[in-house]
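Asks: Sharing a structure with you now.
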Amino acid sequence: MAWEHQQLVVRRGERTGLPVAVAIHSTVLGPAAGGCRLWQYPDWRAGVEDVLRLSKAMTYKCAVAGLSYGGGKTVIPLPAGRVLTTAEREAVLEDAADIVDSFGGAYLTGPDVGTSSADMVVMRRRTPYAYCLPESEGGTGSSSGPTAVGVLAALRAAARTVLGTDDLAGRRVVISGLGSVGAIVARSLAGGAEVVVSDVDDAKRRTAEELDLSWVEPEKALATPADIIVPAAVGGVLSPETVARLDCALVVGPANNQLTDDSVAGALAGRGIVWVPDFVASAGGVIYTLSRESDRLDHDGAMARVERIGDTVGTLLAQAHANRSTPLAEAIALADRRLSGS
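Plus 328 on top of the position in the sequence shown (first one is 1) and you've got this note's numbering.
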């Protein structure tokens with residue numbers, strides 16, 4: 329990966345001895361923002377690679393969303409199979425918080441994969457730059473709801489362009505990943521669209537049964553015939569091989585870093601499949617949190633900003649059609665214009 333970042337700190341935690349990586353990709357538009365991910369990796373180097381990718385995506389996410397913030401990320405890469413005790417978890421979160429605090433407000437963090445609002449309470453012990461604390465602690469709580477609202481706004485805007493209507497009644501939507509955001513999207517679409525869900529956690533079948541949704545095994549999800557595929561789990565799921573097996577018109581979802589490589593956007597377009605860039609569709613959470621906790625907007629004002637994701641998607645798809653390019657190329661061009669001040 330080419331070096332594009334302003335700062336990268338990789339440090340062994342003083343309390344735990346576990347590695348912690350924090351990357352600031354850009355502060356051109358304002359303080360960098362991005363969550364704290366606590367996840368298992370093959371080794372710590374894979375975690376560093378991930379923090380670089382994720383922080384860059386946050387820069388583009390904020391820029392396309394029109395926010396005055398840049399991109400950053402924290403990754404705590406756990407060894408495969410490592411399960412933390414409660415004490416170890418709190419200790420490594422404090423290790424991460426110390427690094428976040430060392431930037432003096434140039435980087436703001438919050439929950440991400442593997443962490444929660446409760447974890448931000450732990451990090452707040454060491455730094456004021458941990459966001460999304462529970463509402464009982466004076467924060468805005470989980471960003472899953474606003475993220476899902478943004479995904480739905482993106483999905484409906486794309487459906488208007490690709491399917492000719494945002495009425496999804498009778499349309500088949502496959503949601504790969506039934507975590508906090510995926511489950512909200514599924515609930516919102518259930519009762520109108522034919523919703524098919526999947527998750528690597530077989531216990532999520534219970535959620536599917538409660539919502540009367542169809543279930544497909546994870547390895548078959550992306551190849552299931554559908555009008556819309558919603559990647560809502562881990563990244564790296566869209567590769568030349570998986571794109572060749574897709575049987576859908578539209579792909580839009582909250583999972584970060586969905587493409588294994590940017591060239592996959594061209595492969596999707598070549599098959600006539602419209603892909604809404606993940607950093608556009610998944611921006612609702614960061615838009616809401618920063619609008620509330622930094623910009624001091626009320627709930628309605630922040631949600632109005634989230635809903636504008638639909639307008640952004642409509643514009644990007646129209647530009648891609650007019651320029652015979654891809655939505656990814658148009659989104660990157662929009663971000664680059666903001667970053668360069670042009």
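Every residue, glycine too, gets a C-beta built ideally from N, C-alpha and C.
Looking at the structure shown, is A560 part of a helix, part of a strand, or coil, going by DSSP?
Replies: Looking up residue 560 in the sequence shown gives position 232. In this structure, A560 counts as coil in the three-state DSSP scheme.
Asks: For L366, name the three-state secondary structure that DSSP assigns.
Replies: Start at 1 with the first residue of the sequence shown, and residue 366 comes out as number 38. The answer is strand: DSSP assigns L366 an E or B state.
Asks: Would you kindly check if the distance between the Cβ of A554 and the Cβ of V502 is under 7 Å?
Replies: As a position in the sequence shown, residue 502 is number 174, starting the count at 1. As a position in the sequence shown, residue 554 is number 226, starting the count at 1. Yes, the Cβ-Cβ distance between V502 and A554 is below 7 Å.
Asks: Check whether the region 417-425 touches the region 445-459, taking contact to mean three or more Cβ pairs, one atom from each stretch, closer than 8 Å.
Replies: Contact holds: three or more Cβ-Cβ distances are below 8 Å.
Asks: Just the C-alpha distance for C460 and I404, rounded to the nearest angstrom, thanks.
Replies: Position 132 of the sequence shown, counted from the start, is the residue given in the question as residue 460. Position 76 of the sequence shown, counted from the start, is the residue given in the question as residue 404. One C-alpha to the other measures close to 18 Å.
Asks: Let me confirm a value: S430 is counted as buried when at least 16 other C-beta atoms fall within 10 Å, else exposed. Which label applies?
Replies: Position 102 of the sequence shown holds residue 430. Exposed: under 16 other Cβ atoms inside 10 Å.
Asks: Compare the C-alpha of S396 against each of I512, G358, T455 and name the closest.
Replies: One-based indexing of the sequence shown puts residue 396 at position 68. With distances taken between Cα atoms, S396 lies closest to G358.
Asks: For E545, name the three-state secondary structure that DSSP assigns.
Replies: By one-based count along the sequence shown, residue 545 stands at place 217. The answer is coil: DSSP assigns E545 none of H, G, I, E or B.
Asks: Kindly indicate which three-state DSSP category S396 falls into: helix, strand or coil?
Replies: If you number the sequence shown from 1, residue 396 lands on position 68. In this structure, S396 counts as coil in the three-state DSSP scheme.
Asks: CB-CB under 6 Å to M329, same chain, minus the five flanking residues each way: which ones, in chain order?
Replies: Within the sequence shown, the letter at position 1 stands for residue 329. Per-residue confidence for M329 stands at a pLDDT of 49, beneath the threshold of 50, marking its modelled position as unreliable; the derived number appears in the next sentence. The residues are L380.
Asks: Going by the DSSP bridge assignment, what does Y435 pair with across the sheet?
Replies: Your numbering for residue 435 matches position 107 in the sequence shown. For Y435, which the question treats as bridged, DSSP gives the partners A360.
Asks: How far does the alpha helix (DSSP H) with A572 in it extend, from its first residue to its last?
Replies: As a first step, residue 572 must be located in the sequence shown, where it is residue number 244. Unbroken alpha helix (DSSP H) run through A572: 568-573.
Asks: One question on the structure: do P755 and S610 come within less than 7 Å of each other, judged by their Cβ atoms?
Replies: Shown here, the chain extends from 329 to 670; a query on residue 755 therefore has no answer.
Asks: Work out the CA separation of N584 and T289 for me, nearest whole Å.
Replies: Limits of the chain in this structure are 329 at one end and 670 at the other, which puts residue 289 out of reach.
Asks: Applying the criterion that 16 or more other CB atoms from any shown protein chain within 10 Å of the CB defines a buried residue, is G363 buried or exposed?
Replies: Sequence index remark: in the sequence shown, residue 363 carries index 35 (1-based). It is buried - the Cβ of G363 has at least 16 other Cβ atoms within 10 Å.
Asks: What number of angstroms, rounded off, separates the C-alpha of V614 from the C-alpha of T387?
Replies: Here residue 614 refers to the residue found at position 286 when the sequence shown is read from its first residue. Here residue 387 refers to the residue found at position 59 when the sequence shown is read from its first residue. Roughly 11 Å separates the two Cα atoms.
Asks: Using the Cα positions of A650 and A597, report the straight-line distance between them to the nearest angstrom.
Replies: If you number the sequence shown from 1, residue 650 lands on position 322. If you number the sequence shown from 1, residue 597 lands on position 269. About 14 Å.
Asks: Could you tell me if I660 is buried or exposed, where buried requires 16 or more neighbouring beta carbons within 10 angstroms of its beta carbon?
Replies: On the sequence shown, position 332 is the one that residue 660 refers to. Its Cβ being crowded by 16 or more others within 10 Å, I660 is buried.
Asks: Buried or exposed: which applies to G469, given that a residue is buried once 16 or more other Cβ atoms fall within 10 Å of its Cβ?
Replies: The residue labelled residue 469 in the question sits at position 141 within the sequence shown. Result: buried.
Asks: So within the region 571-657, which uninterrupted alpha helix (DSSP H) runs reach at least 4 residues, ignoring any that extend past its ends?
Replies: Listed in chain order, the complete alpha helix (DSSP H) runs (minimum 4 residues) inside the region 571-657 are 592-598, 606-609, 612-621, 627-635, 637-651.
Asks: Tell whether a beta-carbon distance below 7 Å holds between V641 and A393.
Replies: Numbered from its first residue, the sequence shown carries residue 641 at position 313. Numbered from its first residue, the sequence shown carries residue 393 at position 65. No, the Cβ-Cβ distance between V641 and A393 is not below 7 Å.
Asks: Checking the sheet assignment: what are the DSSP bridge partners for K384?
Replies: For the purposes of this step, residue 384 is identified with residue 56 of the sequence shown, where counting begins at 1. Paired residues: none, contrary to the question.
Asks: What span of residues does the alpha helix (DSSP H) with V490 cover, start to end?
Replies: On the sequence shown, residue 490 is found 162 positions in, with the first residue counted as 1. 472-490 is the extent of the alpha helix (DSSP H) around V490.
Asks: Have a look at A374, L491, H353 and flag the residue whose alpha-carbon is nearest the alpha-carbon of C576.
Replies: The residue given as residue 576 occupies position 248 in the sequence shown. Comparing Cα-Cα distances from C576 to each of A374, L491, H353, the minimum goes to L491.
Asks: May I ask which residues mark the beginning and end of the alpha helix (DSSP H) holding A419?
Replies: The residue you call residue 419 lines up with position 91 of the sequence shown. It spans 414-430 - the alpha helix (DSSP H) in which A419 sits, taken as one unbroken run.
Asks: For a test of the three-state rule: what should DSSP assign to A659, helix, strand or coil?
Replies: Counting from 1 along the sequence shown, the entry for residue 659 is found at position 331. Here A659 sits in helix by DSSP.
Asks: Going by other Cβ atoms of all chains shown within 10 Å of its Cβ, with 16 needed for buried, is V411 buried or exposed?
Replies: Taking the first residue of the sequence shown as 1, we reach residue 411 at position 83. V411 comes out exposed.
Asks: Alpha carbon to alpha carbon, what distance is there between D623 and D391?
Replies: Translated into the one-based positions of the sequence shown, residue 391 becomes position 63. Translated into the one-based positions of the sequence shown, residue 623 becomes position 295. This sequence places Ala at residue 391; Asp is not what is there. Answer to the nearest angstrom: the Cα atoms are 16 Å apart.
Asks: Rounding to the nearest angstrom, what Cα-Cα distance links A572 and G563 in this structure?
Replies: Against the sequence shown, residue 572 aligns to sequence position 244. Against the sequence shown, residue 563 aligns to sequence position 235. When rounded, the distance between both Cα atoms is 17 Å.
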